[in-house]
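Here the sequence shown stands for residues 1 to 316, numbered as in the UniProt record's numbering.
In what follows, a structure is listed as structure tokens, so that the remarks can point back to it.
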Amino acid sequence: MAVYTYPTQKEIKHFIQEYAIGQLDSVESIMNGVDNSNFIIHTSSGTFILTLYEKRIDENDLPFFIELLQHLSLNKLSCPQPIPRNDGKLYGFLSKRPANIFSYIKGSFLNDITDIHCEEVGSALALMHQKIKSFQSYRKNTLSLPDWRILWKKCFDKVDVNLKKEIDSEFHFLEQFWPKNLPTGIIHADLFPDNVLFHNNRIAGLIDFYFACNDFLMYDLSICINAWCFDKNATYNHFKGHSIFNGYDRVQKISENELLALPILLRGAALRFFLTRLYDSQNIQYGALAITKDPMEYLCKIRFHKTMSSISQYGF
1 MAVYTYPTQK
11 EIKHFIQEYA
21 IGQLDSVESI
31 MNGVDNSNFI
41 IHTSSGTFIL
51 TLYEKRIDEN
61 DLPFFIELLQ
71 HLSLNKLSCP
81 QPIPRNDGKL
91 YGFLSKRPAN
101 IFSYIKGSFL
111 NDITDIHCEE
121 VGSALALMHQ
131 KIKSFQSYRK
141 NTLSLPDWRI
151 LWKKCFDKVD
161 VNLKKEIDSE
171 FHFLEQFWPK
181 NLPTGIIHAD
191 LFPDNVLFHN
201 NRIAGLIDFY
211 FACNDFLMYD
221 LSICINAWCF
231 DKNATYNHFK
241 GHSIFNGYDR
251 VQKISENELL
261 ALPILLRGAA
271 LRFFLTRLYD
281 SQNIQYGALA
291 ITKDPMEYLC
301 KIRFHKTMSS
311 ISQYGF
């Protein structure tokens, strides 16, 4: 979450008249994140989240995202529930941006992640995959391996020659060995620690589904392992890796083929976030309340995965 667009209080008051949520009391900006503009709004009937969709989100994808959240909410997964509009539309417009209002989930992001938290995240991811199975819509992954190539070309000229060689070599490896015929479904694709809310040390809700798409289920788990199982000095934590894997496997069994594919998927997931962070760091939008994340963190993870020679080294 972040803030790029700044609607006035008068504009917000007018916008929320399309929702049966009472009168506006106050508004707070949410600074975490990099993609949309988000606010906590307090009204006479409760607390809600206001989201303005920024340029990275294709408006044509909004029905998919909003209907996915409706589906998950109906299936008792704790996530932001879209608040119905009085006019029956899926979303409206505020400050010339598509916008919507969602339920507020009480919770906060973790500062100190333990292996117990990781096990719970693995289980939550598997449960989400199960609950999504009955959702009939499809969305192509617009940040898959071919798209990484396009992103790399946009960043290439500003990168030093040794890094160019290293990333080109990584592309060559992934394009040669990227898995095929693994179980697929709709994945979250961005389940980082800042997209999981905890309350009283338990998961309160999963948020920010705006990269959700169809892809390998194990690619989603790989993104989580990279995001949750490295300590702050970029050292892989085997206890956390073991825990997140077991948490997932306990809810949804991981096949032998999926297990064998994990090392390559982990390298690919690390490259994907290295490239998007690199691109964002080269294209900072000044004046926005947003956090630009360090691409070098994910370069270190790529290098770590390249040293691994067996699955057992991960603790799986």
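Note that beta-carbon positions come from the ideal geometry of N, C-alpha and C, so glycine has one too.
* Closest by C-alpha distance to Leu299, when choosing among Tyr138, Ile40, Leu266, Phe216 -> It is Leu266.
* **Option in Arg272, Gln252, Ile57, Ser309 with minimal Cα separation from Lys131** => In terms of CA proximity to Lys131, Gln252 leads the group Arg272, Gln252, Ile57, Ser309.
* **DSSP three-state assignment for Leu206, whether helix, strand or coil** => When secondary structure is reduced to three states using DSSP, Leu206 falls in the strand class.
* Is there contact here, the segment 264–280 with the segment 149–162, by at least three beta-carbon pairs under 8 Å? -> Three or more beta-carbon pairs separated by less than 8 Å link the segment 264–280 to the segment 149–162, which places the two stretches in contact.
* DSSP state of His188, grouped into three classes? -> If DSSP states are grouped into helix, strand and coil, His188 belongs with coil.
* To do: Could you check if Asp220 is buried or exposed, using at least 16 other CB atoms within 10 Å of its CB as the buried criterion?
  => Note on Asp220: 16 or more other CB atoms within 10 angstroms of its CB, so buried under the neighbour-count rule.
* **Any C-beta of chain B under 8 Å from that of Lys165** => Although the question refers to chain B, the structure presented lacks it and comprises just one protein chain.
* To do: Within 10 angstroms of the Cβ of Glu256, are there 16 or more other Cβ atoms? Answer buried if so, exposed if not.
  => Its Cβ having fewer than 16 others within 10 Å, Glu256 is exposed.
* Compute the Euclidean distance between the alpha carbons of Ser312 and Asn233, then round it to the nearest angstrom. => Near 22 Å, if we compare the C-alpha coordinates of Asn233 and Ser312.
* **the segment 117–129 touching the segment 239–253, judged by at least three CB pairs closer than 8 Å** => Enough Cβ pairs lie closer than 8 Å, so yes.
* Ends of the alpha helix (DSSP H) at Ser255? -> It is not in any alpha helix (DSSP H) - Ser255 carries neither H nor E in the DSSP assignment.
* Over what stretch of residues does the alpha helix (DSSP H) that includes Pro183 continue unbroken? -> Following the DSSP letters along the chain, one finds Pro183 in no alpha helix (DSSP H), marked with neither H nor E.
* Apart from the five residues on each side of it in sequence, which residues of its chain come closer than 6 Å, Cβ to Cβ, to Lys306? -> Its chain contains no residue whose beta carbon lies nearer than 6 Å to that of Lys306 once the 5 sequence neighbours on both sides are disregarded.
* Per DSSP, Ala99 is paired with what? -> The partner list for Ala99 (beta bridge, DSSP) reads Leu52, Gly92.
* Span of the alpha helix (DSSP H), counted from its first residue to its last, around Phe173 -> Its alpha helix (DSSP H) spans residues 161–177.
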